[in-house]
Amino acid sequence: MTTTPIRGLGHPVKRKEDPRFIRGKGTYVDDIKLPGMLYLDIVRSPYAHARIKRIDPSKALAMPGVVDVITGAELEKAGLAWMPTLMSDRQMVLPTERVVYYAQEVAAVVATDRYTAADAVLAVEVEYEPLTPVLDPFKALEPGAPLVRPDREQKTNHIWHWEAGDKEKTDRIFQEAEVVVSQDLYIPRIHVCSIETCGCVVNYDRATDKLTIWMTSQAPHAHRTVFSLVSGIPEHKIRIISPDIGGGFGGKVPVYPGYVIATYAALKLGKPIKWIEDRSENLQADSFARDYHIHAELAATRDGKIRAMRVHTVADHGAFDAAANPSKFPAGLFSVCTGSYDMEAAHVAVDGVYTNKPPGGVAYRCSFRVTEAVHTIERMVDVLADELGMDPAEIRFKNFIRPEQFPYKSPTGWEYDSGNYPATLQKALDAIGYQELRREQAERRARGELMGIGISTFTEIVGAGPSHTFDILGIKMFDSAEIRVHPTGSAIVRIGVQTQGQGHETTFAQIVAEELGLPVENILVEHGDTDTAPYGLGTYASRSTPVAGAATAVAARKIREKARLIAAHLLEVSPDDLEWHDYAFRVKGSPDRFKTMQEIAFAAYTNFPQGLEGGLEAVCYYDPPNMTFPFGAYVCVVDIDRGTGLVKVREFLAVDDCGTIINPMIVEGQIHGGLTMGMAPALLEEIVYDDNGTILTGTFMDYLLPTAVETPHWKTDKTVTPSPHHPLGAKGVGESPTIGAPPAIVNAVVDALSHLGVRHIDIPITPAKLYQLLAEKGVAE
Amino acid sequence: MERVPIQLTVNGQSYQVEVEPRMLLVHFIRDVLNLTGTHIGCDTTSCGACTVLWNGRPVKSCTVFAVQADGGELLTVEGLERDGQLHPVQEGFWEEHGLQCGFCTPGMMMTAVALLQENPDPSEEEIRKAISGNLCRCTGYVNIVKAIQYAAHTMRETVPAAAGIAEGE
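Spelled out as structure tokens, the structure:
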């Protein structure tokens, strides 16, 4: 046996990517510098809706160092004034007639350095004729509302209508129900704000006719295909490299106009072009998340059994439907909103609407609208509990899908793979001392203090997705891995997904280590380069482990099957006489006769049986049979300051179940980060516009990310319910806490005020908003 | 535009360069010296990704002109490792999983180095306050706090070797 430990599944292996990051030696897009490189900067609209009367670049062009000014008129001649979005809508790259949101790209300047480019942006003269913007999606649907998209055949701001579930059955149950509760919930527009903004460096090499784009991309292969289809450049002549990425969270899935303009400029000028957004550009113009206006209802029995759920949502998509949902799901996976609860029927309808706001509807660290779904059901269960005078924990236990009901067919058509909801909630309640907290709350309440306890028992849906249901622009949402074992027993793994901090270089090496019995340090993981990595749909929606992780395990198992033949040859036994045990092929009944993968790898190149191909490698394009359904039980304890309206998260316990854990250290880190990005929109973050459609939260001075001071010391725990269909039993975890945390926090705040008749508060629960409510209720100090 | 000569020491090495007076220190570090470990994450002095030590004190280098630093000493993330030996703060971030995407990490570590120079045994609350000018979107800060506690512990056991670095020696 090898003496170096394997450290496969379940080991807290220190990350392989960290040595370069802690030395400042990562390679992010803005770190790339090519000889003769020019800088591109963008002129942006000061109006949310306006006709462009004239663009005069002459003063900018006259400035020393300015090389070019590119406008929509020029792009139109090249057929590039518009581009397709990932939702089969189309989006302006640069406008030819009108702008439709504040900070929209209007023209681009190219200069010899970034300072000159920034100067030139100010020197481009643009004459606008302001038009009335429409900002409220309900007003956008009224007759006579200003038309956001006159380029479309349909002269309406309504984009699409989508529904799931059984309307007739749901309506029937609501008619006969003993108890019905309803609530409006608004989940405001927010922004992912990865600390690295978006950008690219584009190089066109005339000698090889090759276009290379270093790009802040969460999905380099899909982007390469889009670039090829839009430009007509053959796909093998385009290489997209997604190098080290400074956070993604969904914001780096869409194709932004800047990428396209920079590519056009590189081809036109024959010089490398760099385009990097400022933070304010990123915050003001890049894809936003959420913006869901939800009306939800639950029908129940008087003793608290939920019978049906009915939801209607108006989804504000801004000026272009530039979300990144699978094509059959314009509202993402919002229909998972029946959550962890067994009910007879549900019906969900969503209407997408255009407004004069930046485009999007992308994720904010959540898999396709699941945050909106979870917020809805987890709030509604508390609303129902309040109506019936039940404890929020008790009503959850009463309605949970029971462990023996899995695989569970949900009323909106999902098949939940596995779960044990009561065990997870019980673990959380016991660990935090729920009954004791309730007693403390009663005592404090008697003293006039405001303390609340909130519970969220969410079900997540990740791992898009099975090819029969999931595609983006027609490309099926499989993912891939390619493993090559070298003669001396080390290996290279290339994967179709791409890390933006999740630690793929470590966890995917652990999967291969476990499956092949090779030490984790001898396995190199590469990703993000479309010339070398196998085709994959990228990393978002917590799909890396469920899909590409499965592909990696299956590819490794293919290698193992070939290795069995070589081991049999070396040991002079039949392959059937061998079993894989303790990281080696051993002769059945004589476990001391064995061959390790290292020995087999050498033989694969030096001494393989007649009739077998040499070498030891395998590829897998994995088509998942189903989604995976991670879940968790979160308990949050808050204290409210009656003098300021400030919510202090005193304690927060997250018990997560993401199935089999590959690296517990990384899973815990993902949960800490996800909880923080759950707390952020619950208490702090919101994109706000004035009546003209001008953003009021366009910098980090106004759009408040949590600092270490607001962020509590998260506590985590786990249960493990493996996925029955994933080769490793793993489910994915990065986004569970982001979807699970907001309702736990809101439920805690509402719980603190429930004796005052408060049943719901929209997020973000800022001190100003809460203080006003406290004043209305007569409890402000 | 007119250029101005400046002289400064970065990570122990002396530089004499001419720069535009308006050039930000962060662009000088990244684009002129090619030390790309110092990052840019915002345009309002909010995020701290560009934090470096200027004469031993942490500053956000996006809000200092290169010409202001004339005659001074800078320490960037690239200067933390000495003779192949990681700084205890670097070790701590690796050991305690104090980073994910790595983008805020250099600035965060420089702030931590400065904190530990001033306060070798900070409480969790003091650490959180000290790094509140550095935004991290990935980690939720829990492991960053642990990483700094790890470094504080290591430095208390092994000083003075590491402490001198923060002062620029």
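So the protein sequences, as listed, match chains A and B.
Residues in the first sequence are numbered from 1 upward in steps of one, following the numbering used here.
Residues in the second sequence are numbered from 782 upward in steps of one, following the numbering used here.
Glycine residues also receive a C-beta, built at the ideal position from the N, C-alpha and C atoms.
DSSP beta-bridge partners of residue i
{"i": "A/G352", "result": "A/W160, A/A315"}
{"i": "A/W580", "result": "A/F585"}
{"i": "B/A893", "result": "In the DSSP output, where bridge partners are listed per residue, B/A893 has none listed."}
{"i": "A/M451", "result": "A/D639"}
{"i": "A/A345", "result": "A/A308"}
{"i": "A/L796", "result": "A question about residue 796 of chain A goes unanswered here, because the residues of chain A that appear run from 1 up to 781."}
{"i": "A/A50", "result": "A/V99, A/P130"}
{"i": "A/T459", "result": "A/F631"}
{"i": "B/F846", "result": "B/L805"}
{"i": "A/D41", "result": "A/V109"}
{"i": "A/V69", "result": "A/V109"}
{"i": "B/L795", "result": "It should be noted that the sequence gives Ser, not Leu, for residue 795 of chain B. Answer is B/T790."}
{"i": "A/Q91", "result": "A/M83"}
{"i": "A/R239", "result": "A/T212"}
{"i": "A/N203", "result": "A/T212"}
{"i": "B/V785", "result": "B/V800"}
{"i": "A/Y621", "result": "A/S480"}
Reference residue i, options the options, closest by Cα
{"i": "A/L34", "options": "A/T606, A/I22, A/I273, A/Y256", "result": "A/I273"}
{"i": "A/V619", "options": "A/L646, A/A567, A/M679, A/G536", "result": "A/G536"}
{"i": "A/Q218", "options": "A/S231, A/G246, A/N203", "result": "A/G246"}
{"i": "A/S544", "options": "A/I495, A/M390, A/A50, A/P133", "result": "A/I495"}
{"i": "A/H223", "options": "A/I511, A/V260, A/L773, A/E127", "result": "A/V260"}
{"i": "A/V568", "options": "A/G538, A/S542, A/P5, A/E599", "result": "The residue asked about is misnamed: residue 568 of chain A is Ala in this sequence, not Val. Out of A/G538, A/S542, A/P5, A/E599, A/E599 has the C-alpha closest to the C-alpha of A/A568."}
{"i": "A/R206", "options": "A/L267, A/P220, A/R189", "result": "A/L267"}
{"i": "A/T212", "options": "A/I238, A/D166, A/L229, A/L388", "result": "A/I238"}
{"i": "A/P541", "options": "A/L683, A/D30, A/S736, A/T3", "result": "Pro is not the amino acid found at residue 541 of chain A; the sequence shown has Ala there. Comparing Cα-Cα distances from A/A541 to each of A/L683, A/D30, A/S736, A/T3, the minimum goes to A/S736."}
{"i": "A/G783", "options": "A/G465, A/H11, A/R379, A/E97", "result": "What the structure shows of chain A is the stretch from 1 to 781, and residue 783 of chain A is not part of that stretch, so it cannot be assessed."}
{"i": "A/V462", "options": "A/I492, A/T539, A/T606", "result": "A/T539"}
{"i": "A/H343", "options": "A/W82, A/V381, A/L516", "result": "One detail in the question is off: residue 343 of chain A reads as Met in this sequence, not His. That would be A/V381, whose Cα lies nearest to the Cα of A/M343."}
{"i": "A/H786", "options": "A/V370, A/G413, A/A285", "result": "Lying before the first or after the last residue shown, residue 786 of chain A is absent from chain A, which here runs from 1 to 781."}
{"i": "A/K59", "options": "A/A780, A/G72, A/A50, A/A117", "result": "A/A117"}
{"i": "B/N915", "options": "B/P901, B/E938, B/P887, B/D902", "result": "B/P887"}
{"i": "A/Y41", "options": "A/K53, A/E97, A/I22, A/T112", "result": "The question names Tyr, but residue 41 of chain A is Asp in the sequence shown. The residue with the shortest Cα to Cα distance from A/D41 is A/T112."}
{"i": "A/D278", "options": "A/F700, A/P358, A/A603", "result": "A/F700"}
{"i": "A/I240", "options": "A/F138, A/R114, A/A533, A/G474", "result": "A/A533"}
Nearest-angstrom beta carbon gap, residue j and residue i [assumed within contact, 8 Å]
{"i": "A/N325", "j": "A/C198", "result": "Contact flag wrong, Cβ pair sits at about 20 Å."}
{"i": "A/G452", "j": "A/A752", "result": "3 Å"}
{"i": "A/K731", "j": "A/P546", "result": "6 Å"}
{"i": "A/H468", "j": "A/T499", "result": "The pair is not a contact, with the Cβ atoms about 28 Å apart (cut-off 8 Å)."}
{"i": "B/V807", "j": "B/C828", "result": "Not quite, the Cβ-Cβ distance comes to about 12 Å (not below 8 Å), so this is no contact."}
{"i": "A/V362", "j": "A/A331", "result": "At roughly 13 Å, the Cβ-Cβ gap does not stay under 8 Å, so A/V362 and A/A331 are not in contact."}
| request: Report yes or no: do three or more beta-carbon pairs, one from the region 3-23 of chain A and one from the region 651-667 of chain A, lie closer than 8 Å? | output: yes
| request: Identify each residue in the region 478-501 of chain A for which the Cβ-Cβ distance to at least one residue of chain B is less than 7 Å, and report them in chain order. | output: Q500, G501
| Of the residues that make up the region 692-713 of chain A, which ones have a beta carbon closer than 7 Å to any beta carbon in chain B? | T699, F700, M701, L705, T707, A708, V709, T711, H713
| query | Just by C-beta distance, which residues in the region 242-265 of chain A are closer than 9 Å to chain B? | reply | D244, I245, G246, G247, G248, F249
| Using a beta-carbon distance cut-off of less than 9 Å, what residues from the region 189-202 of chain A approach chain B? | V192, C193, S194, I195, E196, T197
| message | So, does the region 866-884 of chain B touch the region 798-806 of chain B, judging by three or more C-beta pairs under 8 Å? | response | no
| message | Is it the case that the region 285-305 of chain A contacts the region 246-264 of chain A, given that we only count it when at least three CB pairs across the two stretches are under 8 Å? | response | yes
| query | What are the residues of the region 909-924 of chain B that lie near chain A, defined by any Cβ-Cβ distance shorter than 9 Å? | reply | R909, K910, A911, I912, S913, G914, N915, L916, C917, R918, C919, T920, G921, Y922, V923, N924
| field | Residues of the region 821-846 of chain B whose Cβ lies closer than 8 Å to any Cβ of chain A, in chain order | value | I821, G822, C823, D824, T825, S827, C828, A830
| field | Residues from the region 328-357 of chain A in contact with chain B, defined by Cβ distance under 9 Å | value | none
| task | Note down, in chain order, all residues in the region 11-22 of chain A with a beta-carbon under 9 Å from any beta-carbon belonging to chain B. | result | P12, K14, R15, E17, D18, P19, R20, F21, I22
| Against chain B: residues of the region 661-672 of chain A by CB proximity under 9 Å | M665, I666, E668, G669, Q670, I671, H672
| Which residues, in chain order, does the region 880-912 of chain B contribute to contact with chain A at a C-beta distance below 8 Å? | L880, Q881, C882, G883, F884, C885, T886, P887, M890, E905, I908, R909, K910, I912
| field | chain A contacts from the region 847-858 of chain B (Cβ-Cβ distance under 8 Å) | value | T857, V858
| Any contact of the region 729-748 of chain A with the region 677-690 of chain A, i.e. 3+ C-beta pairs under 8 Å? | yes
| task | For the region 582-594 of chain A and the region 292-306 of chain A, state whether three or more C-beta atom pairs, one from each stretch, are separated by less than 8 Å. | result | no
| task | Indicate whether the contact test is met: 3 or more Cβ pairs, each with one atom in the region 61-78 of chain A and one in the region 154-170 of chain A, closer than 8 Å. | result | no
| field | Residues within the region 278-294 of chain A neighbouring chain B, beta-carbon criterion of under 8 Å | value | D278, R279, S280
| Chain-ordered residues of the region 675-689 of chain A with a beta carbon less than 8 Å from chain B | L675, T676, M677
| task | Closer than 9 Å, Cβ to Cβ, to anything on chain A: give me those residues from the region 924-938 of chain B, in chain order. | result | N924, I925, V926
| task | Using a Cβ-Cβ cut-off of less than 8 Å, list which residues of the region 795-809 of chain B approach chain A; keep chain order. | result | E801, R803, M804, H808
| task | Taking 8 Å as the threshold, find out whether the region 314-332 of chain A comes into contact with the region 385-400 of chain A through three or more Cβ pairs. | result | no
| Should the region 876-892 of chain B be called in touch with the region 843-852 of chain B, which here means at least 3 C-beta pairs below 8 Å? | no
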